[in-house]
Ligand SMILES: Cc1cc2nc3c(=O)[nH]c(=O)nc-3n(C[C@H](O)[C@H](O)[C@H](O)COP(=O)(O)OP(=O)(O)OC[C@H]3O[C@@H](n4cnc5c(N)ncnc54)[C@H](O)[C@@H]3O)c2cc1C
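In my numbering, the protein residues as written are 1 to 404.
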């Protein structure tokens, strides 16, 4: 009997996992089940080039359809609604039952929804998948007013894209500064300046209380009584990992599906990879749940190896990126818990600088804006647990190559 591996979800983690399975020598069936009507596609461009109209849905494909055909990787559109671990079966929303020998959970995450009066009005959008962005694009007109609720990376990337399309853009952030959940004040200040220079209106420490309009959104009303005209509202207030299916099946879940460094869950036949997981990271010596493409892809490789009884430890340094206007931000490591920040370059007037975060004299993270060399250097230092002199790092006249 041919063995069957089923992958739930068809996005970054699944794309990598399915192809790595073949590389690892899996010669049984591979079936990816995803609830979107697409083969795995790149999600990051959704709030960047795709929203800005510079890429089409076809351009987003992670691999061409021919790749999956050639490697005998099947794709099926559907929603998995239940896992029976003792029978090794899955149930789909249409009632069909499928059996598996190995199962990979790559269910990713979903947007956190607003629970405010008016959030069901037409013109209120989220941004997670192609369908969301197609919906936004149908609404776009130059000079219209867009209100973005949430000043995280997705909100800010969206602001940049809409501004470039000629819209009037307001960003409303509940915290005292934009990007508060993910980065240090230095970077928040920098992006506040850049967006303001580009014509985006940013309000922080403000809480939205309702969205008003007859059928379609007309304005956003805040708790302090301030009102903002809104032809379009885009909500970017975070995501939630899709863990309910695993939880219901008795798989260990705590802020993500618990996996070890080989992406194994507490069931020997089930692995998990990507946004929906929570793993122990050796570099940072703690459990973390990451929301990033590099994490999904690298975990996909480890999970595939585990399915094939090989072992490929996932021990990568977390890294991320964000594109806004002409700025490429690359982030190495995680800055939480830092006790010293070193700035290299001019963050007050230029569009290129790097912020390095130290803890107990060790570099733990770096935010590099249009500074690819500093990014590569930081990855090397953090992953290798190397020492670096902060004073030399701060001196922009010393070439990056000479710093180590
Ligand atoms: C707008 C946007 C911009 C981003 N920009 C960046 C960036 O610049 N850099 C970066 O590193 N990361 C970025 N990210 C994050 C990145 O896209 C995610 O970390 C990545 O997509 C995670 O991949 P994944 O495969 O784990 O899950 P996901 O991409 O979330 O995919 C999971 C898939 O599984 C499906 N699914 C869930 N449950 C079921 C079920 N029961 N049955 C069937 N299918 C199911 C989901 O619908 C989805 O299609 C961005 C994300 C968004 C939305």
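Cβ coordinates follow ideal geometry from the N, Cα and C atoms, glycine included.
query: Taking 8 Å as the cut-off, does the stretch 163 to 173 touch the stretch 266 to 275 (at least 3 CB pairs, one atom from each stretch)?; result: no
query: Would you check if the stretch 322 to 338 and the stretch 350 to 360 touch, i.e. whether three or more CB-CB distances between them fall below 8 Å?; result: yes
query: Which value, in whole angstroms, describes the spacing of the CA atoms of residue 108 and residue 398?; result: 42 Å
query: Terminal residues of the continuous alpha helix (DSSP H) containing residue 247?; result: 244 to 248
query: Roughly how many angstroms separate the alpha carbons of residue 8 and residue 404, rounded to a whole number?; result: 44 Å
query: Per DSSP, residue 359 is paired with what?; result: 362
query: Enumerate in chain order the residues of its own chain whose CB-to-CB distance from residue 87 is below 8 Å, with the five nearest sequence positions on each side excluded.; result: 99
query: Quick one: does the C-beta of residue 320 sit closer than 7 Å to a heavy atom of ligand 1?; result: yes
query: Bridge partners for residue 353 per DSSP, in chain order?; result: 345 and 369
query: Comparing C-alpha positions only, which one of 80, 97, 19 and 47 sits nearest to residue 66?; result: 19
query: Can you tell which of 330, 243, 160 and 307 has the C-alpha that lies nearest to the C-alpha of residue 27?; result: 307
query: Since residue 323 sits in a beta bridge, which residues does DSSP pair it with?; result: 328
query: Return the CA-CA distance between residue 290 and residue 278, expressed in angstroms with no decimal places.; result: 7 Å
query: In whole angstroms, what is the alpha-carbon distance linking residue 280 and residue 261?; result: 7 Å
query: Assuming residue 310 and residue 343 make a contact with CB atoms under 8 Å, what is their CB distance in whole Å?; result: That belief does not hold up - the Cβ atoms of residue 310 and residue 343 are roughly 44 Å apart, past 8 Å.
query: Whether or not the stretch 72 to 91 and the stretch 205 to 225 are in contact is what I'm after, with contact meaning three or more pairs of Cβ atoms, one per stretch, closer than 8 Å; do they touch?; result: no
query: Given 7 Å as the limit, tell me if residue 154 has its C-beta closer than that to any heavy atom belonging to ligand 1.; result: yes
query: Measuring CA to CA, which of 384, 232, 347 and 352 is closest to residue 362?; result: 384
query: Given a cut-off of 8 Å on the beta-carbon distance, is the pair residue 296 and residue 13 in contact?; result: yes
query: Report buried or exposed for residue 125, applying the criterion of at least 16 other Cβ atoms within 10 angstroms of its Cβ.; result: buried
query: Quick one: residues in its chain with C-beta nearer than 6 Å to the C-beta of residue 223, no 5 flanking neighbours on either side, listed in chain order?; result: 207 and 209
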